[in-house]
Structures are given as structure tokens and as C-alpha cells.
DNA sequence: AACTCGGGGTA
DNA sequence: TACCCAGAGTT
């Protein structure tokens, strides 16, 4: 289980630790989640930082801590408000999983975030990286926290040429970290590896000339730092042509729909929309009209197209024609995933960025 | 192991 | 454009 990895044999572990930790002590950034080591704060920050840059996270983290200062506050919060605090951050299942896990900590562990790998890893949304990050940063447990930064940094320092796109490769890096990690200060050690990756050992052009562990870096010694890490690429963005409609009733309320709690943009609100494929404007809008009627019983009459939106996801591209319409007849009651709300109410709900763009189009259309 | 799941910064 | 980011869950 804890076999020493072959990559760290003959590696100067002590001088590496010393150089890395001294550099981190003097040069680390002051970040909101580093103000203290409250496990709840560390946990929230790590979830937000998954596949998301530090600069993007900072304002979200500050706002989130203002709204939900302690674990109990998040456990007791309305999911709709929690989602609103995540609006625009992406990967929305993260925050639903986080609240689920926080409720479990509140109920099963009396509000204390568990400090063992087994217990913390069983929490929803806590994978190998986040488990190691919270354990080491909040509790000082010498567990590896291997993210993209760490794989890039260590692939260079230890000259590891395994494909970091392969899931299996992460385990190799975890073994390397187990060999390298400081048992005196696991928190600083793990954070220092990531900090080095963010500031010095960057993907494109690493700043080797000012790197604190240049002396220990095998890739630099061979002038091969630009070749690492090895990562096979995956591309393949599917295109989806869509039509969406902003339909007003006589009071100026807009018809909106809450997306499924699973899958893309889970639990966010949206304007009624369909994938139109190869249909032309006329056929596409008729399709959309039928969809709205079948889902809600609401009858709409199109006024015209008010805009066009392109929105790119990591694996998908939406091209959306946006229409304006008026509601000509509606049932006594809408099903629970549908609402007719004034703009001021819509702005309290969480919409994906693509549909926030539609709200902007609608505002501009009103001014004309 | 491959795919799904956002949005934005950067060269 | 294409890559990448303090990854995890599902299939």
C-alpha cells in the first residue's frame, strides 16, 4: 500500500522541503480562505476552487461566507438562496452536493467536519483531492492533495512522463507526495506545491530563473521543462442550435422554467427553450410554441426575434435564437417547475450565464 | 476508462 | 482559436 515510489529515490527530499517551505512562507498570497484554518471555510474554498481560478473564486467566497458564515447556516439555508450565491460560478452540482454533505456533517458528526480520510471521503462531492486538501490544510494531516498544479509541478521536478490525462496517473503522484510531504507542516507543503504551480511553475512558460526549487528540478537540469507535463488532449465540442422565448403576460411577468436537478445546469432557472436542429425560424418558433403549450398549457404569440446568443461550454456550444412573445391564454395554475414572474423576482433566482444574457436582451428590447 | 459538467482568463 | 483552471460523479 505505502510502497515508496521509484521517482523519489535519490531525490534530495530535505533540501526540497526546506526550499519550498521557505519560499512559501515569504511569498504566499493572502487569500480570504487563508485567514484561518476553519475546516468549514477550507472546505467551501476547495469546492469553489475545483476547476476554477483563484481570482474568480475570491468574490464568490467572500459573499458566500457573508451569507453562510458557519456550517450550520449553510445546512439550514434554502437551496434556492444557496444556488443564487453560486450563480455564474459553474459546475452547479458542486454546491448542491456541498449542502447535502454539510447537512450530513451537521446531523451525523454534530457539525464537526470529520478528520479521517475514510469519513471525509464519504461526504458527497469530496473526492481524493478535496479530502487531502481539507485534511492537510484544516487538520494538519499529512495526506496528498493532488490537483492539476501538483501534477504539473511534480512532473517537472521529478521528470515524470506519464500522461496526466489518464485517471490512473493521479495515484502515482499521490505516492510521490507521500514520499515528499513535510510531516511538520503538511498544510504549507501542499499549499506551497499549488502556489508554486500558480505563480512560478506555470503551464506555458515557467519562471525557472526565479524558482525556489530550481536546484532540485530534474526537468530544468535537462532543459525539458517546456515538454512537461505530458497530457493527451481531448476536444470535441458538440453544436446545438436552440430557440428560446421570453413570453410576457399582460402584467409584464415572464414565463420561466426550473431545470432538472440532475445534468446540465442542474436546478437553475431558464427561459423556455428547445433544440431546433436544422429547423428554420418559422418551423423553430412553431416547435417552441408547441413545447410551451404542452408543458404548461400557456398559449403564446410571437412578436419577433430580439437577439442571438452564442454560449460555449467545455463540451458543448449553444447557438440560441431569442424570441419575444406575449401570452394570450394561460391555465389557472402552473406546474411547480414553471413560474410567471416580474423581472425583479427573476433577478432573485439563479440563471445560467447564457440566460442572463437573454435577460439583458429583454431589457434592451423594452427600451426600444 | 471515458464522458459529463461552466465559465472565464490567457497566449 | 485552444488550453487550462486548488475535480467529482456517472456510465
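Residue numbers (UniProt numbering): 1 to 368.
Think of the CB as a built atom: it goes at the ideal place given N, C-alpha and C, for glycine as much as any other residue.
From a predicted model like this one, the values you see are computed outputs, not experimental measurements.
Backbone CA spacing between residue i and residue j [nearest angstrom]
i	j	result
residue 258	residue 365	24 Å
residue 5	residue 170	13 Å
residue 102	residue 357	32 Å
residue 78	residue 269	15 Å
residue 353	residue 338	19 Å
residue 142	residue 133	10 Å
residue 313	residue 70	32 Å
residue 187	residue 42	11 Å
residue 11	residue 120	32 Å
residue 316	residue 279	19 Å
residue 2	residue 261	Caution applies to residue 2, whose pLDDT of 46 falls short of 50 and renders its modelled position unreliable; the model cannot decide the point.
residue 281	residue 90	30 Å
residue 168	residue 61	31 Å
residue 287	residue 326	16 Å
residue 310	residue 87	19 Å
residue 252	residue 67	31 Å
residue 349	residue 343	10 Å
residue 200	residue 245	47 Å
residue 33	residue 144	19 Å
residue 202	residue 27	16 Å
residue 147	residue 174	10 Å
residue 127	residue 285	43 Å
Identity of the residues DSSP links to residue i by a beta bridge
i	result
residue 238	316
residue 301	326
residue 274	243
residue 338	257
residue 307	322
Whole-angstrom C-beta distance between residue j and residue i, which should lie under 8 Å
i	j	result
residue 24	residue 176	With a Cβ gap of about 18 Å, residue 24 and residue 176 do not count as contacting.
residue 346	residue 359	7 Å
residue 303	residue 322	Going by Cβ atoms, the distance from residue 303 to residue 322 rounds to 12 Å, so no, they are not a contact pair.
residue 20	residue 189	7 Å
residue 227	residue 157	In fact, because the Cβ distance is near 14 Å, the residues do not count as touching under 8 Å.
residue 135	residue 115	7 Å
residue 240	residue 318	5 Å
residue 243	residue 296	Not a contact, Cβ separation roughly 16 Å.
Nearest candidate by alpha-carbon position, reference residue i, set the options
i	options	result
residue 265	204, 299, 355 and 116	355
residue 129	276, 191, 110 and 88	191
residue 233	164, 349 and 290	164
residue 334	292, 348 and 68	292
residue 84	63, 37, 52 and 73	63
residue 139	58, 104, 38 and 160	38
residue 137	123, 194 and 361	194
residue 172	152, 182 and 332	152
residue 162	231, 206, 204 and 179	231
residue 124	154, 285 and 44	44
residue 54	76, 197 and 40	197
residue 363	248, 273, 183 and 95	248
residue 111	36, 75, 283 and 213	75
residue 154	320, 65, 81 and 213	213
residue 166	210, 229, 184 and 207	229
residue 16	205, 179 and 256	179
residue 308	36, 80 and 320	320
DSSP-derived helix/strand/coil call for residue i
i	result
residue 324	strand
residue 267	coil
residue 16	helix
residue 245	strand
residue 144	coil
residue 345	helix
residue 2	Low confidence applies to residue 2: its pLDDT is 46, below 50, so where it sits in the model is not reliable enough to give any reading.
residue 29	coil
residue 193	helix
residue 251	coil
residue 132	helix
residue 171	helix
residue 355	helix
residue 38	coil
residue 124	coil
residue 70	coil
residue 182	coil
residue 78	coil
residue 205	coil
residue 153	helix
residue 280	coil
residue 176	helix
Any non-hydrogen atom of the ligand HEM closer than 8 Å to residue i Cβ
i	result
residue 345	Among the components of this structure there are no ligands whatsoever, and the ligand HEM is therefore not found.
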